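Chemist:
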Amino acid sequence: MPEGLSEVEYRVLNELIHDSREPTARLAKKLGLSRNTVSKVIRGLVRRGVIRRFTVEVSEEYSGGSIVALIMNEKPTKLDRFNEVYELIDGKFLGVAKVADMNELEFLIKENGASQTQFFISNKRMWRRDSTSITPSELHCDYCGGLIKGEPLTARYHNRTYYFCCSNCLGDFRKKQRSQSN
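In this text, residue positions in the sequence shown follow full-length UniProt numbering: the first is 1, and each later residue adds one.
This is how it looks when you write it as structure tokens:
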């Protein structure tokens, strides 16, 4: 089991999930940290394997093809042909791939030696969550200081991200910011 993330690591990681191209200096300003601290945290996350890579996500209109999901009785032999492969609780395997047409789908099934296959072809993506859910080990509310349990609520103010434990703290924070700006 991987070790937990510190509050600072969690905050840096959430910003990188939102935009991995964000310059270190801008991240530092958003988080109220020094540039050196942010750089050190990022290097540590990479070294520990928390961050595996920084990458680009291509728009679907440019990537072409259809997304297919295959349920197979045997583990696929050509894992590199799939975007993702999962072992299911019933011992079967679920592979997700992108194919240009039915010929490519048939080839994918044959080259993986799947004796029994069920496949699903997507028509279009209906919804996708852009960020990965990360569970912080200990994250504290920026308003009351209490421990945040579950997914934190967030707000951006003056180019910084703030974390809250509940809607009351978030609402009070917003009221306070509005009254200070008047």
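Backbone N, C-alpha and C define an ideal beta-carbon position, used for all residues, glycine too. Quick caveat, the model's predicted, so the values are computed rather than measured.
#1: Three-state secondary structure (DSSP) at Ala97?
#2: Can you tell me whether DSSP reads Ile67 as helix, strand or coil?
#3: Going straight from the alpha carbon of Leu45 to that of Phe164, what length do you get?
#4: So, for Val8: in the same chain, excluding its five sequence neighbours on each side, which residues have a beta-carbon less than 8 Å away from its beta-carbon?
#5: Can you give the beta carbon distance from Gly95 to Phe82, rounded, assuming they're within the 8 Å contact cut?
#6: Can you check whether the CB of Lys78 is closer than 7 Å to the CB of Glu111?
#7: Comparing C-alpha positions only, which one of Phe93, Thr55 and Lys98 sits nearest to Gly65?
#8: Give the secondary structure of Met1 by DSSP, where H, G and I count as helix, E and B as strand, and everything else as coil.
Modeler: Result, derived from the coordinates:
#1: Residue mapping note: residue 97 aligns to position 97 of the sequence shown, counting from 1. Of the three classes helix, strand and coil, the one that applies to Ala97 here is strand, per DSSP.
#2: Start at 1 with the first residue of the sequence shown, and residue 67 comes out as number 67. The answer is strand: DSSP assigns Ile67 an E or B state.
#3: The residue you call residue 45 lines up with position 45 of the sequence shown. The residue you call residue 164 lines up with position 164 of the sequence shown. Each residue's Cα considered, the two are about 24 Å apart.
#4: As a working mapping, residue 8 is identified with position 8 in the sequence shown. Correct list, in chain order: Leu31, Leu33, Thr37 and Val41.
#5: If you number the sequence shown from 1, residue 95 lands on position 95. If you number the sequence shown from 1, residue 82 lands on position 82. With a Cβ gap of about 4 Å, Gly95 and Phe82 count as contacting.
#6: For this step, residue 111 is matched to residue 111 along the sequence shown. For this step, residue 78 is matched to residue 78 along the sequence shown. Yes, these two residues count as a Cβ contact at 7 Å.
#7: Taking the first residue of the sequence shown as 1, we reach residue 65 at position 65. Taking only the C-alpha atoms, the option nearest Gly65 is Lys98.
#8: In the sequence shown, the residue the question calls residue 1 occupies position 1. The predicted position of Met1 is uncertain, since its pLDDT is 32 and thus under 50; a value taken from the coordinates is nonetheless stated next. If DSSP states are grouped into helix, strand and coil, Met1 belongs with coil.
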